[in-house]
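> Numbered by this note's numbering, the letters in the sequence shown go through residues 113 to 212 in order.
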Amino acid sequence: MTGAVCEESRLRPFVELLADYVNHAFDDTDWETIEIGLDPTDNEDPDAWYSYPLTGPAHSLEIRVARDVEDGDMVSVAVKGATAADLRLRIDTLFAAFAR
Numbered sequence: 113m114t115g116a117v118c119e120e121s122r123l124r125p126f127v128e129l130l131a132d133y134v135n136h137a138f139d140d141t142d143w144e145t146i147e148i149g150l151d152p153t154d155n156e157d158p159d160a161w162y163s164y165p166l167t168g169p170a171h172s173l174e175i176r177v178a179r180d181v182e183d184g185d186m187v188s189v190a191v192k193g194a195t196a197a198d199l200r201l202r203i204d205t206l207f208a209a210f211a212r
């Protein structure tokens, strides 16, 4: 599942909601790690994306993030590991909400 978060400042709430969906206890350390990992990324180079796990008791997700090189404030996001239909629907809705 892929999409974009329209402003980098909205990435943290996006990831916090993803973490909540899988009961991952997301904290400042998680965010600081993602923030540092996002810095050197490039959405046009698949090898330059940053990957971070969100692990919960029943589901685990891997998020991949990269700055959009054409629109520096936009962040491309890919989410892997959503196998349950209800979780996929929630993630699709989240992408739709944060793309604006």
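All C-beta atoms in this analysis are idealised placements derived from N, C-alpha and C, irrespective of residue type, glycine included.
1. Taking three-plus beta-carbon pairs below 8 Å as touching, is the segment 196 to 210 in contact with the segment 138 to 148?
2. So what does DSSP say about Val127, is it helix, strand or coil?
3. With distances taken from CA atoms, which of Ala209, Leu199, Ala208, Ala211 is nearest Asn135?
4. Rounded to a whole number of angstroms, what is the C-alpha to C-alpha distance between Leu150 and Ser163?
5. Does the separation of the CB atoms of Val189 and Leu123 fall below 9 Å?
6. Which residues in the same chain have their Cβ closer than 8 Å to the Cβ of Thr153, if we skip the five residues on either side of it in sequence?
On the basis of the supplied data:
1. no
2. As a working mapping, residue 127 is identified with position 15 in the sequence shown. DSSP places Val127 in the helix class (H, G or I) of the three-state scheme.
3. The count along the sequence shown starts at 1 and reaches residue 135 at position 23. It is Leu199 whose Cα lies nearest to the Cα of Asn135.
4. For the purposes of this step, residue 150 is identified with residue 38 of the sequence shown, where counting begins at 1. For the purposes of this step, residue 163 is identified with residue 51 of the sequence shown, where counting begins at 1. For Leu150 and Ser163, the distance between alpha carbons rounds to 9 Å.
5. Residue 189 sits at position 77 when you count from the first residue of the sequence shown. Residue 123 sits at position 11 when you count from the first residue of the sequence shown. Against a cut-off of 9 Å, the Cβ pair of Leu123 and Val189 comes out as a contact.
6. Against the sequence shown, residue 153 aligns to sequence position 41. Cβ within range, chain order: Ala160, Trp161, Tyr162, Val177, Ala178, Arg179.
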